Structures are given as C-alpha cells and as structure tokens.
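Participant: Residue numbers (the numbering used here): 673 to 884. Ideal Cβ positions, reconstructed from N, Cα and C, are used throughout, including at glycine. Given the structure is predicted, the values throughout are model-derived calculations rather than measurements. This is the structure, below, for whatever I ask next.
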Ligand code: DC
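Following this line, the structure appears as structure tokens:
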C-alpha cells in the first residue's frame with residue numbers, strides 16, 4: 673500500500689515524504705533515486721542516455737536498492753554521486769524512455785506490495801499505483817522551487833531555474849509516465865507552507881480516510 677506524493681522538482685516532495693513516512697511509521701520510497709541510478713550506470717559505461725534500447729537493457733541488469741538507508745547500485749553506496757548535476761541531467765533523459773520506465777515501475781510495484789509506503793515521484797499516483805488510497809500532488813511557484821533547489825545545491829537561483837524549466841518540460845511532455853495530476857489527487861501548493869504544515873495536512877487526510 674502506498675501514499676503517493678507526486679509533483680515537480682523543488683515542490684518539497686522529498687522533505688515532506690520523508691517526514692510523513694517517519695510520522696506514520698511507513699517506509700519512504702524515493703522513486704527518483706532509482707532513475708538516477710540508471711543514469712549513473714549509463715554514464716559509467718559510456719552509454720548515451722538518449723539511447724532508449726541500450727538504457728532499457730541496462731536498467732534490466734541493475735540491482736537498485738533505493739533505501740531505506742543508503743541508495744545502493746549493484747551493492748555500492750551511490751547516495752552522494754546520484755545527486756551530482758551530471759547525473760541529475762542524465763536522469764532527466766533516461767527517464768523519458770518507456771523501456772526504462774517499465775523496469776522501474778515494475779520494481780516499485782514489487783516494493784510497495786511488501787508493506788506500507790510513502791513514495792515520492794512523478795507517476796506514483798497515475799501509473800505505479802493508480803489505486804493508491806491517498807494521492808497528493810505538491811506544487812510551488814517556479815521562483816520558490818528554484819530558490820529551494822539553489823539553496824540545497826549551493827548554486828545561483830537563476831541558473832537553477834533554467835535547468836528546472838528544462839527538466840519540467842521533459843517530465844511534462846514525455847509520452848510515458850508524464851508528470852500530471854491524477855484525477856483523484858489532492859493538490860497542495862507548498863509555496864507559502866512549511867514542511868510541518870504540509871505533513872500535518874496529509875497526515876490528517878490519511879487519518880480521515882482510515883489509512884492510519
Ligand atoms: O525527483 P528527482 O529529481 O530525484 O528525479 C530524478 C529524475 O527522475 C527526474 O528527471 C524525473 C525522473 N523521475 C521520473 O521520471 N519518475 C519518477 N517517478 C521519479 C523521477
């Protein structure tokens with residue numbers, strides 16, 4: 673069973689999903705970390721992230737453990753390396769391919785079947801688990817999202833804004849697993865809200881729906 677937290681980069685998904693999982697004693701699943709692992713493996717092997725067939729075949733051979741705890745790629749802790757700008761950029765490219773998405777979605781469904789999860793991503797409520805009992809779509813203004821990411825990365829808000837815009841465009845325009853709001857999702861704009869407040873609201877919805 674899964675509570676789905678979807679939305680664009682910088683909307684606060686990670687902080688909210690982690691805190692919510694802790695509060696409800698659920699397991700946190702970072703689906704983006706899995707796409708990042710495929711991207712890292714692709715770069716390490718000198719493959720072109722744009723190559724759908726090769727990246728799809730590669731994805732099938734990888735052993736990815738997205739947590740809890742460190743992110744493991746074929747048994748190696750890659751928690752830090754998958755957050756670098758070059759992996760972020762490549763992840764945005766490999767995640768376009770249906771060949772890659774199919775492998776990731778299957779792995780995520782298998783994990784979710786084993787317990788109670790809070791999963792964050794782009795397509796958890798629409799593709800991975802359309803029957804999730806609680807789907808939340810987090811948003812925030814482009815300015816706030818860029819500021820948050822810039823703060824995390826120690827970079828200039830303006831250049832972060834440009835790269836976020838490009839990744840948003842790829843996430844929203846791809847054919848498979850595109851970033852879209854599930855019809856039954858609750859939308860929350862986090863621009864003016866603190867993490868605690870957002871977590872409080874979602875925990876309230878979970879209680880109302882008899883999930884907790
Ligand atoms: O959430 P994130 O920035 O760690 O995600 C990394 C990349 O993976 C990003 O380009 C979007 C993609 N992604 C995806 O396509 N589907 C998901 N469920 C999660 C992430």
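So the candidates are 784, 877, 709 and 855; which of them puts its Cα closest to the Cα of residue 759?
Facilitator: In the chain shown, counting from the first residue as 1, residue 759 sits at position 87. With distances taken between Cα atoms, residue 759 lies closest to 709.
Participant: Quick check on DSSP: helix, strand or coil for residue 691?
Facilitator: Locating residue 691 in the chain shown gives position 19, counting from the first residue. Here residue 691 sits in helix by DSSP.
Participant: What residue does the beta strand (DSSP E) around residue 675 start on, and which one ends it?
Facilitator: For the purposes of this step, residue 675 is identified with residue 3 of the chain shown, where counting begins at 1. Here the beta strand (DSSP E) through residue 675 covers 674-678.
Participant: Going by C-alpha to C-alpha distance, which of 714, 847, 882 and 808 sits closest to residue 854?
Facilitator: As a position in the chain shown, residue 854 is number 182, starting the count at 1. Nearest option by C-alpha distance: 808.
Participant: Could you name the residues of the same chain whose beta carbon sits closer than 7 Å to that of residue 690, not counting the 5 residues immediately before and after it, in chain order?
Facilitator: Residue 690 sits at position 18 when you count from the first residue of the chain shown. If we look at residue 690 and ignore the five residues flanking it on each side, its Cβ neighbours are 700.
Participant: Measure the C-alpha to C-alpha separation of residue 814 and residue 833 and round it to an integer number of angstroms.
Facilitator: To locate residue 814, count along the chain shown from 1; it is residue 142. To locate residue 833, count along the chain shown from 1; it is residue 161. Going from the Cα of residue 814 to the Cα of residue 833 covers about 7 Å.
Participant: Checking 8 Å against the spacing of the C-beta atoms, do residue 773 and residue 679 come in under that value?
Facilitator: For the purposes of this step, residue 773 is identified with residue 101 of the chain shown, where counting begins at 1. For the purposes of this step, residue 679 is identified with residue 7 of the chain shown, where counting begins at 1. For residue 773 and residue 679, no; Cβs fall outside 8 Å.
Participant: Nearest by alpha-carbon distance to residue 884: which of 757, 682 and 696 is it?
Facilitator: On the chain shown, position 212 is the one that residue 884 refers to. The shortest Cα separation from residue 884 among 757, 682 and 696 belongs to 696.
Participant: Which residues share a DSSP beta bridge with residue 878?
Facilitator: Counted from its first residue, the chain shown places residue 878 at position 206. BP columns for residue 878 are empty, so no partner.
Participant: Which same chain residues end up closer than 8 Å to residue 735 when comparing Cβ atoms and leaving out the 5 residues on each side of it in sequence?
Facilitator: Taking the first residue of the chain shown as position 1, residue 735 is located at position 63. Excluding residues within five positions, the ones whose Cβ falls inside 8 Å are 744, 745, 746 and 747.
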